[in-house]
Each structure stands twice: as structure tokens, then as C-alpha cells.
Amino acid sequence: MAATRGDTQRRTQVLAAALTVFATFGYRKTSMDAVAQAADISRPGLYFLFSGKEELFRETMRQALDEALGDVRTALAAPGADLNARLVAALDANLGRYVGTHINEGVDDLLEHGTAQLQNMYDDYRAAFVDALTEAVATSGRPTGTVTARQIAEVLEAAGEGWKHRVADRPAFVDKLTTAVDVALRPTT
Numbered sequence: 009m010a011a012t013r014g015d016t017q018r019r020t021q022v023l024a025a026a027l028t029v030f031a032t033f034g035y036r037k038t039s040m041d042a043v044a045q046a047a048d049i050s051r052p053g054l055y056f057l058f059s060g061k062e063e064l065f066r067e068t069m070r071q072a073l074d075e076a077l078g079d080v081r082t083a084l085a086a087p088g089a090d091l092n093a094r095l096v097a098a099l100d101a102n103l104g105r106y107v108g109t110h111i112n113e114g115v116d117d118l119l120e121h122g123t124a125q126l127q128n129m130y131d132d133y134r135a136a137f138v139d140a141l142t143e144a145v146a147t148s149g150r151p152t153g154t155v156t157a158r159q160i161a162e163v164l165e166a167a168g169e170g171w172k173h174r175v176a177d178r179p180a181f182v183d184k185l186t187t188a189v190d191v192a193l194r195p196t197t
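Numbering (our numbering), first residue to last: 9 to 197.
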């Protein structure tokens, strides 16, 4: 990770603006000028914070993924919530945050096709997400029959990935996740 330069709060704001610009125009068509304008910062100010577009892109995606994974862990640790509710909240926190917004498809394209700039970052975060789901299922004490906690986690992640592209809004996404979790955790006889 590059050394953090500049005010952390300002840097966070710039990265949030950059996510929207990258998601709207894609990596190749995004310019540092466009990000500077969206973030309401001068171009030299942007270069003070980030050495170039590649570093800006990596840090933008890292911030988005860190935020999502943090929200997943918070959802899975929710006191008093049953396993089903915690899994739905975790899936929504990771996969549903952009459902129904104009940047949903753009963010997915950036994560899935930005491999040259991101190297293994997306795969590492996806693995950490599935690991978190697996641990929640495994430590719940609920019987899983002949399937493993990992298999349940992988099916839920795949269901969420599929539904986020097929629903119009986040409430519909959460409804589909609720059904997926109920089916995946249905007791076997």
C-alpha cells in the first residue's frame, strides 16, 4: 500500500468521488481531471494525494472493499440477531450496497475486470467474504446436514451475485436474499 499522504478525511472524500467517476466511465475513460472535478479538488491537490490514476484506482477499490467487508463483519456479529438475519444483512452489506443505483454495474465491472490494476485484491476480498459467511454458519450450532458450512456460504454468495443483477432495487434484493438464506439453511430430514 502506498504511503498515506494528506488529510485522511479529505482523502476518503476524494476516494468516494473517484468511485462514482470510475464506475460511471470505467478505468480507461476516467481522467484525473474528471476525478478532481467530482471531488472538488484541484488537479495538483489530487496528485498530492495520489501519484497517478493507477494508485487512485487501487486505493478507491481498496476503500470500497474494506468498507464492505467491515460492514459484513458488523452484520455477522450483530447481537441478538438470529443466523438467518445476520447472513441476509451480511450479504446485503457486501453485495447489495449499489443495487438499484446507477453505478451498480460499473462497480461490478471495475472489480471483476480491473484485474491488471487490482492484481488479486478482488479475489482476496471475495475469499474473505466467503470465509466470514462460512465461519458464521459453522459456529452457529445449526445442523447443516450433508453439506458443509463452506458450501452453504458459497451458494449464498453465488445467489447474491446473481440476484443483484436481476432485481430493480435493494428491498427486492433483500427479499431474494431472505429466501435464499431460508432455503440454504432449511433443516434436512
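Cβ atoms here follow ideal geometry from the backbone N, Cα and C, with glycine treated the same way.
Source: prediction; values computed, not measured.
Along the alpha helix (DSSP H) that carries asparagine 128, what are the first and last residues, could you check? For the purposes of this step, residue 128 is identified with residue 120 of the sequence shown, where counting begins at 1. First-last for asparagine 128: undefined, no H or E at that position.
Give a yes or no on whether the C-beta atoms belonging to valine 43 and leucine 64 are separated by under 8 Å. Taking the sequence shown and counting its residues from 1, the one referred to as residue 43 is at position 35. Taking the sequence shown and counting its residues from 1, the one referred to as residue 64 is at position 56. Yes, they are a contact pair.
Member of Ala97, Phe58 and Thr186 whose CA lies at the smallest distance from the CA of alanine 86: By 1-based counting over the sequence shown, the position of residue 86 is 78. Here the closest residue by C-alpha is Ala97.
Taking the straight line between their C-alpha atoms, what separation do you get for alanine 24 and arginine 105? Your numbering for residue 24 matches position 16 in the sequence shown. Your numbering for residue 105 matches position 97 in the sequence shown. Looking at the two C-alpha atoms, the distance is approximately 14 Å.
Sub-8 Å separation of aspartate 177 and glycine 78 beta-carbons: If you number the sequence shown from 1, residue 177 lands on position 169. If you number the sequence shown from 1, residue 78 lands on position 70. Not closer than 8 Å, so no.
Option nearest glutamate 67 by Cα separation, candidates Asn102, Ala146, Met129 and Asp48: Looking up residue 67 in the sequence shown gives position 59. With distances taken between Cα atoms, glutamate 67 lies closest to Met129.
Quick one: using the 10 Å Cβ neighbour count with 16 as the cut-off for buried, is aspartate 15 buried or exposed? Indexing the sequence shown from 1 puts residue 15 at position 7. Around the beta-carbon of aspartate 15, fewer than 16 other beta-carbon atoms lie within 10 Å, marking it exposed.
Supposed close pair asparagine 102, phenylalanine 137 - CB separation, criterion 8 Å: For this step, residue 102 is matched to residue 94 along the sequence shown. For this step, residue 137 is matched to residue 129 along the sequence shown. Confirmed, about 5 Å.
Which residue from Glu162, Leu54 and Ala135 puts its Cα closest to that of leucine 193? Taking the first residue of the sequence shown as position 1, residue 193 is located at position 185. Checked all of Glu162, Leu54 and Ala135; the closest Cα to leucine 193 is Glu162.
For arginine 158 and aspartate 139, the rounded distance between their alpha carbons: Locating residue 139 in the sequence shown gives position 131, where the first residue counts as 1. Locating residue 158 in the sequence shown gives position 150, where the first residue counts as 1. If you take the alpha carbons of aspartate 139 and arginine 158, they lie about 8 Å apart.
With a Cβ-Cβ cutoff of 8 Å, do leucine 84 and glycine 168 count as a contact? In the sequence shown, the residue the question calls residue 84 occupies position 76. In the sequence shown, the residue the question calls residue 168 occupies position 160. Cβ distance not < 8 Å, so leucine 84 and glycine 168 don't count as in contact.
According to the neighbour-count rule (16 or more other Cβ atoms, all chains shown, within 10 Å of its Cβ), is lysine 172 buried or exposed? Here residue 172 refers to the residue found at position 164 when the sequence shown is read from its first residue. Flag for lysine 172 reads buried.
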